[in-house]
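For reference, the structure discussed in these notes is given below.
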Amino acid sequence: MKVTHQGKSRHYRTVWFDKASNRVRLIEQRLLPHKFKVVSTADYRETARAITDMIVRGAGAIGAAAAYGLAQGARAYRRGGLKAFERHLAKVHHTLAEARPTAVDPLNAMHGMLAQMTGDTVAERQQQALTAAEQFAEDDVAHCEALGQHGEQLIHEGARVLTHCNAGWLAFVDVGSATAPMYAAQANGKSFHVFCDETRPRSQGAILTAWELAQQGIAHDIIADNAAGHFMQLGEIDLVITGSDRVLGRTGEVANKIGTYTKAVLAKRHGIPFYVAIPLSTIDWELESGQAIPIEERDEDEVLSAWGVTPSGRRQQMRLANPSSNARNPAFDVTPPELITGIITPLGIFKPRQLWKHRAKLGQAATIC
Ligand code: MRU
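Going by this note's numbering, the residue at position 1 of the sequence shown is 2; the numbering climbs one at a time, nothing skipped.
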């Protein structure tokens, strides 16, 4: 999307690949909104570390980062034959797959790539890896644009939309999932208002979604996580749109940022439609139960403290909590299908339990990735 930085506007993607240097380039999301910086990773291990440390985050963006990381690792292979190349690639795949466990997009991206790397020589497979990674990134953008067109109809003139965490363009290669209907509605001349849940502990809503919406000139307010029920009770929220890190095709269960389940319960209580917007790479067709989704538990320090910027512009960590207390920090939760009005996909809006019935269509398009 367009970023206005130091008075200049330029189009950026969150992640891209530089063929000449074999480096993955990433927007350093931990510095936003205070500083806009692009960083690069020298090898696949650094790319995996950038995913773990959340330089790049969000299901689609880490899917693309993993895809480029796999291509990066494949292209760095210099010696030996096809068998040794396959062993090397298995190690690269393992490292990238382990970087963050909950989002399925990195696994789907790399799975799709490996299926396309069928050449007879190492050189052919290296080229196929790069082509497939670029294709995944292009598909991610195309899927987000297409789902935006389907979701746009849900945003009526004057609508007040709640979103949680950041499922904007920073969470994908471009455009975003939850934000795609918003950007499409804006392009169609609609005015509407967005409530951004702050999304503790890492505050992706207050930091990233609010920055994105401000950059695009969309009216919004940041609200504390605990305020959403109050605004629903007052009749100030018309619909909720979130993203997801993994939607189970078999059951319609949705894993997303911690706090999503709470918002879905509240929405149900108040009769407010609750939608989840995803590209097809976010569907997991294998798992049979939401209980089997690996929920990442991150460092307790994220809950016990907060990061901010001093008046002089220095990024600083502040301890918030009682010094002798420990914390639990699950990064995601699982929302059951009965709380979800619809899943907004590039191929239309589906009831969560109908995904399985449409798996031929949805699954086939996903494997293009
Ligand atoms: O921990 P993050 O920032 O990578 O988590 C991202 C989310 O959970 C977002 O809420 C989003 O909806 C899913 S990623 C598109």
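Built from N, CA and C at the ideal position, the CB exists for glycine as well.
Quick one: residues in its chain with C-beta nearer than 8 Å to the C-beta of Y45, no 5 flanking neighbours on either side, listed in chain order?
Within the sequence shown, numbered from 1, the residue matching residue 45 stands at position 44. Excluding sequence neighbours, Y45 sits near G70, L71, Q73, G74, A77, V93, T96, L97.
Coil, strand or helix - S306 by DSSP
Translated into the one-based positions of the sequence shown, residue 306 becomes position 305. Here S306 sits in strand by DSSP.
Below 8 Å on the Cβ atoms is my guess for A278 versus G152; work out the distance and round it to an integer in Å.
Reading the sequence shown from its first residue, position 277 is the one you call residue 278. Reading the sequence shown from its first residue, position 151 is the one you call residue 152. Between A278 and G152 the beta-carbon gap is near 6 Å, inside 8 Å, which marks them as a contact.
Just to confirm the assignment: which complete beta strand (DSSP E) runs, minimum length 3, are found wholly within the stretch 194 to 220?
194 to 198
Measuring alpha carbon to alpha carbon, tell me which of A133, A104, I273 ends up nearest G244.
Position 243 of the sequence shown, counting from 1, holds the residue named residue 244. Among A133, A104, I273, the Cα nearest to that of G244 belongs to A104.
CA-to-CA distance, P324 to H12, given in whole angstroms
Indexing the sequence shown from 1 puts residue 12 at position 11. Indexing the sequence shown from 1 puts residue 324 at position 323. Taking the straight line joining both Cα atoms gives about 44 Å.
Could you tell me how far apart the beta carbons of I344 and P353 are, in whole angstroms, since I believe they sit closer than 8 Å?
Here residue 344 is taken as the residue at index 343 of the sequence shown, counted from 1. Here residue 353 is taken as the residue at index 352 of the sequence shown, counted from 1. Between P353 and I344 the Cβ distance is about 5 Å, and since that is below 8 Å, they are a contact.
Restricting to runs no shorter than 4 residues, where is the alpha helix (DSSP H) found entirely within the stretch 140 to 204?
DSSP runs (the alpha helix (DSSP H)) wholly in the stretch 140 to 204: 181 to 188.
Let me know the secondary structure DSSP gives E287 once reduced to three states.
Taking the sequence shown and counting its residues from 1, one reaches residue 287 at position 286. In the structure shown, E287 sits in coil (DSSP, three-state: anything other than H, G, I, E or B).
CB-CB length for D106 against A60, believed under 8 Å:
Within the sequence shown, numbered from 1, the residue matching residue 106 stands at position 105. Within the sequence shown, numbered from 1, the residue matching residue 60 stands at position 59. Right, the Cβ-Cβ distance comes to about 4 Å (below 8 Å), so this counts as a contact.
Between the CA atoms of W308 and Q317 - distance to the nearest angstrom:
As a first step, residue 317 must be located in the sequence shown, where it is residue number 316. As a first step, residue 308 must be located in the sequence shown, where it is residue number 307. When rounded, the distance between both Cα atoms is 6 Å.
Let me know the secondary structure DSSP gives E1 once reduced to three states.
Since the first residue shown for the chain is 2 and the last is 370, residue 1 is missing from the structure and cannot be characterised.
Those residues which DSSP pairs with P331 across a bridge
In the sequence shown, the residue the question calls residue 331 occupies position 330. Note: P331 sits in a beta bridge opposite E298.
Are there 16 or more other CB atoms within 10 angstroms of the CB of K264, so buried, or fewer, so exposed?
For this step, residue 264 is matched to residue 263 along the sequence shown. Here K264 is buried, its C-beta having at least 16 other C-beta atoms within 10 Å.
Express the C-alpha separation of E297 and C166 in angstroms, rounding to a whole number.
The count along the sequence shown starts at 1 and reaches residue 166 at position 165. The count along the sequence shown starts at 1 and reaches residue 297 at position 296. Roughly 16 Å separates the two Cα atoms.
Stretch pair the stretch 139 to 146 + the stretch 280 to 290: three plus CB contacts closer than 8 Å
Inter-segment contact for the stretch 139 to 146 and the stretch 280 to 290 is present: three or more beta-carbon pairs are separated by less than 8 Å.
Alpha carbon of I341 to alpha carbon of R80, nearest angstrom
Looking up residue 341 in the sequence shown gives position 340. Looking up residue 80 in the sequence shown gives position 79. Roughly 51 Å between the two C-alpha positions.
Short of 6 Å in beta carbon distance, which residues of its chain neighbour Q127, apart from the five on each side in sequence? Order them along the chain.
Locating residue 127 in the sequence shown gives position 126, counting from the first residue. Within the same chain, Q127 has close Cβ partners A75, R76.
Candidates K191, V310, P102, F37: closest to G8 by CA position
Counted from its first residue, the sequence shown places residue 8 at position 7. For G8, the nearest C-alpha among the options comes from F37.
Would you say the beta carbon of T243 is closer than 7 Å to some non-hydrogen atom of ligand 1?
Against the sequence shown, residue 243 aligns to sequence position 242. At least one heavy atom of ligand 1 lies closer than 7 Å to the C-beta of T243.
Nearest-angstrom beta carbon gap, F196 and L171 [assumed within contact, 8 Å]:
For the purposes of this step, residue 171 is taken as residue 170 along the sequence shown, with counting starting at 1. For the purposes of this step, residue 196 is taken as residue 195 along the sequence shown, with counting starting at 1. With a Cβ gap of about 18 Å, L171 and F196 do not count as contacting.
Per DSSP, the bridge partner or partners of N109
As a first step, residue 109 must be located in the sequence shown, where it is residue number 108. Per DSSP, none; premise fails for N109.
Three-state secondary structure (DSSP) at A118?
Taking the first residue of the sequence shown as 1, we reach residue 118 at position 117. Going by the sequence as given, residue 118 is Met instead of Ala. Reduced to three states, the DSSP call for M118 is coil.
Compute the Euclidean distance between the alpha carbons of R360 and T252, then round it to the nearest angstrom.
In the sequence shown, the residue the question calls residue 360 occupies position 359. In the sequence shown, the residue the question calls residue 252 occupies position 251. Going by the C-alpha atoms only, they are around 12 Å apart.
Between the CA atoms of E47 and A22 - distance to the nearest angstrom:
The residue given as residue 22 occupies position 21 in the sequence shown. The residue given as residue 47 occupies position 46 in the sequence shown. Note that residue 22 is Ser in the sequence shown here, rather than Ala. Approximately 14 Å between the Cα atoms of the pair.
Which residues bound the alpha helix (DSSP H) around H89?
Here residue 89 refers to the residue found at position 88 when the sequence shown is read from its first residue. That run of the alpha helix (DSSP H) goes 83 to 98.
Within 8 Å, strictly: CB atoms of V57 and Q30
The residue given as residue 57 occupies position 56 in the sequence shown. The residue given as residue 30 occupies position 29 in the sequence shown. In this structure, Q30 lies closer than 8 Å to V57 by Cβ.
Look at the alpha carbon of Q117 and the alpha carbon of N109, and state the distance between them as a whole number of angstroms.
Counting from 1 along the sequence shown, the entry for residue 117 is found at position 116. Counting from 1 along the sequence shown, the entry for residue 109 is found at position 108. Those two C-alpha atoms are separated by around 13 Å.
Alpha carbon to alpha carbon, how far is R201 from G236? Give it in angstroms, no decimals.
In the sequence shown, residue 236 corresponds to position 235, counting from 1. In the sequence shown, residue 201 corresponds to position 200, counting from 1. If I take the Cα positions, the gap works out to 24 Å.
Taking 7 Å as the cut-off, does the CB of G149 come closer than this to any heavy atom belonging to ligand 1?
Reading the sequence shown from its first residue, position 148 is the one you call residue 149. It does not: the Cβ of G149 is nowhere closer than 7 Å to a heavy atom of ligand 1.
Only counting the same chain, and skipping five residues up and downstream in sequence, which positions put a Cβ closer than 8 Å to that of T368?
Translated into the one-based positions of the sequence shown, residue 368 becomes position 367. Model confidence at T368 stands at a pLDDT of 45, short of 50, so the residue's coordinates are unreliable and nothing is read from them.
DSSP state of V57 mapped onto helix, strand, coil
Start at 1 with the first residue of the sequence shown, and residue 57 comes out as number 56. Here V57 sits in coil by DSSP.
Buried or exposed, going by whether 16 or more other CB atoms sit within 10 Å of the CB of D226?
Here residue 226 is taken as the residue at index 225 of the sequence shown, counted from 1. Label assigned to D226: buried.
Assuming F275 and V241 are in contact, meaning their beta carbons sit under 8 Å apart, how far apart are those beta carbons, in whole angstroms?
Within the sequence shown, residue 275 is the residue found at index 274, counting from 1. Within the sequence shown, residue 241 is the residue found at index 240, counting from 1. At roughly 5 Å, the Cβ-Cβ gap stays under 8 Å, so F275 and V241 are in contact.
Any idea if H221 is buried or exposed, counting beta-carbon neighbours within 10 angstroms, 16 or more meaning buried?
For the purposes of this step, residue 221 is taken as residue 220 along the sequence shown, with counting starting at 1. Answer is buried; the Cβ neighbour count reaches 16.
Quick check on the DSSP output: the alpha helix (DSSP H) that includes F232 runs from which residue to which?
Within the sequence shown, the letter at position 231 stands for residue 232. Where F232 is concerned, the enclosing alpha helix (DSSP H) stretches over 229 to 234.
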